[in-house]
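Working notes for the structure below.
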Amino acid sequence: MSARMRWGAALALVTLVGVASCSLEELSREYGVTDAGPSPPPGLLADAGADGATGFCASRASRGLVCDDFDEGLGFSQWPEVVQVNGGTLAIDREGALSSPASLLVTVPDATKDSPIAYLERRLSTDTSAATLSFAIQTDDVTGRTERAPSCAVRAYTTKGMRELRLTLAAPPRLDEIHLDATNQVTLGKQLVLAEPLRPGVWTRMEMRVSFVGAGHVTVTVGGKTAVDQDLSGGWGPAPASALVGIAYAVPPTKAFRLRLDDVLFEAR
-17 MSARMRWGAA LALVTLVGVA SCSLEELSRE YGVTDAGPSP PPGLLADAGA
33 DGATGFCASR ASRGLVCDDF DEGLGFSQWP EVVQVNGGTL AIDREGALSS
83 PASLLVTVPD ATKDSPIAYL ERRLSTDTSA ATLSFAIQTD DVTGRTERAP
133 SCAVRAYTTK GMRELRLTLA APPRLDEIHL DATNQVTLGK QLVLAEPLRP
183 GVWTRMEMRV SFVGAGHVTV TVGGKTAVDQ DLSGGWGPAP ASALVGIAYA
233 VPPTKAFRLR LDDVLFEAR
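Right under this line is the structure:
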């Protein structure tokens, strides 16, 4: 499996944990992957647009680089990379959605040996100085979970390697900054614990704004409240940006896990 497939997905706030350098194999051992809930809070559902269109994407004046509410019969056509490995699956699901009728259901099974993976990725080919990834998420309960499930992420593919900010669904959920150089050496940047909780079974709107200028900066909101607002460790760009949604890497042994995503929006400049 390529380094690119093995490292995927994330978002989150906390303290600088320090910077350590290790191989991909060592990092794999240390950092892992990972029903319709109650009605969403007011303001999460998209209103009808001026032309009467309904649904998150149909009602937007601007759809960004990617706008996917999984309701328009497009399948995964907006995502050039569709990765499902070792039992990880992606499905357009009508059993639970924020903007009806459908959402993206992501599942990984119990695993004792090989890492299950299931994600969508859209990668740009030109340099960008900033990127924003927002989405609605509904997760299984992560309380007491020792396994880590890297989820949605923003990446920057620089001339010196890849930078990634991933939402890691652990207890508590956090944002992990990962640097991967051209020789597959991994440096751990900042780990930032979410200041706002993710309640299991409840749709929550998240947004991650990443500046690639200077040392880099990230601002994350959860349910409209600031959960992260901090500088990064440097080396972000400008560079081609990428958005990744799903579950990118589950370090075995890991228990089965699932999440739903809806109303995904990816923008860059």
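The numbering of the sequence shown is my numbering, which starts it at -17 and goes up by one. No residue lacks a Cβ here, since even glycine has one placed at the ideal position from N, Cα and C.
Legend entry - Every unbroken beta strand (DSSP E) within the segment 108 to 173, with a cutoff of 3 residues, ordered by chain: 112 to 121, 131 to 140, 143 to 151, 156 to 163
Inset, instruction - Check whether the segment 191 to 204 touches the segment 64 to 72, taking contact to mean three or more Cβ pairs, one atom from each stretch, closer than 8 Å. - result: No: fewer than three Cβ pairs fall under 8 Å.
Legend entry - Beta-bridge partners of S224, as assigned by DSSP: Numbered from 1 along the sequence shown, position 242 holds the residue referred to as residue 224. Per DSSP, R105, R137.
Legend entry - Proximity of Q120 and G183 at Cβ, strictly below 9 Å: Mapped onto the sequence shown, residue 120 falls at position 138. Mapped onto the sequence shown, residue 183 falls at position 201. Yes, the Cβ-Cβ distance between Q120 and G183 is below 9 Å.
Inset, instruction - In the DSSP assignment, find the unbroken beta strand (DSSP E) run with E63 in it and report its ends. - result: As a first step, residue 63 is located in the sequence shown; it is residue number 81 there, counting from the start. First-last of the beta strand (DSSP E) with E63: 63 to 67.
Inset, instruction - Ignoring anything shorter than 4 residues or poking outside the segment 174 to 223, list the alpha helix (DSSP H) runs there in chain order. - result: none
Legend entry - the segment 105 to 122 in contact with the segment 164 to 176 per 3-pair CB rule at 8 Å: no
Inset, instruction - Express the C-alpha separation of A209 and P301 in angstroms, rounding to a whole number. - result: In this structure the chain extends from -17 to 251, so residue 301 is not present and cannot be described.
Inset, instruction - Taking only the alpha-carbon atoms, compute the straight-line gap between A84 and T150 and give it to the nearest angstrom. - result: Position 102 of the sequence shown, counted from the first residue, corresponds to residue 84. Position 168 of the sequence shown, counted from the first residue, corresponds to residue 150. In a straight line, the C-alpha of A84 is about 24 Å away from that of T150.
Legend entry - Buried versus exposed, by CB contacts within 10 Å (16 or more), A197: In the sequence shown, residue 197 corresponds to position 215, counting from 1. With fewer than 16 Cβ atoms within 10 Å of its Cβ, A197 is classed as exposed.
Legend entry - Simplified DSSP state of C39, which is helix, strand or coil: As a position in the sequence shown, residue 39 is number 57, starting the count at 1. In the structure shown, C39 sits in coil (DSSP, three-state: anything other than H, G, I, E or B).
Inset, instruction - Pick helix, strand or coil for E77, following the three-state DSSP scheme. - result: Stepping through the sequence shown from its first residue, residue 77 is reached at position 95. Coil.
Inset, instruction - Confirm, please, whether the CB-CB distance from A250 to T165 is below 9 Å. - result: For this step, residue 165 is matched to residue 183 along the sequence shown. For this step, residue 250 is matched to residue 268 along the sequence shown. Their beta carbons are not under 9 Å apart, which means T165 does not touch A250 by this criterion.
Legend entry - Collapsed DSSP secondary structure at D92 in the structure displayed: The residue given as residue 92 occupies position 110 in the sequence shown. Three-state result, D92: coil.
Legend entry - From A152, K142, R191, R148, residue whose alpha carbon lies closest to that of Q167: One-based indexing of the sequence shown puts residue 167 at position 185. Ranking A152, K142, R191, R148 by Cα distance to Q167 puts K142 first.
Inset, instruction - Taking the CB atoms as reference points, tell me whether W218 and A135 lie closer together than 9 Å. - result: Indexing the sequence shown from 1 puts residue 218 at position 236. Indexing the sequence shown from 1 puts residue 135 at position 153. Cβ atoms of W218 and A135: not closer than 9 Å.
Legend entry - Local Cβ density within 10 Å of A43, reported as buried at 16 or more and exposed below that: Along the sequence shown, one-based indexing puts residue 43 at 61. Result: exposed.
Inset, instruction - Identify whether E54 lies in helix, strand or coil by the three-state DSSP scheme. - result: As a position in the sequence shown, residue 54 is number 72, starting the count at 1. Looking at E54 - three-state DSSP - the assignment turns out to be coil, as it is neither helix nor strand.
Legend entry - Check whether G228 and V48 have beta carbons under 9 Å apart: Position 246 of the sequence shown, counted from the first residue, corresponds to residue 228. Position 66 of the sequence shown, counted from the first residue, corresponds to residue 48. The criterion of a C-beta distance shorter than 9 Å is not satisfied by G228 and V48.
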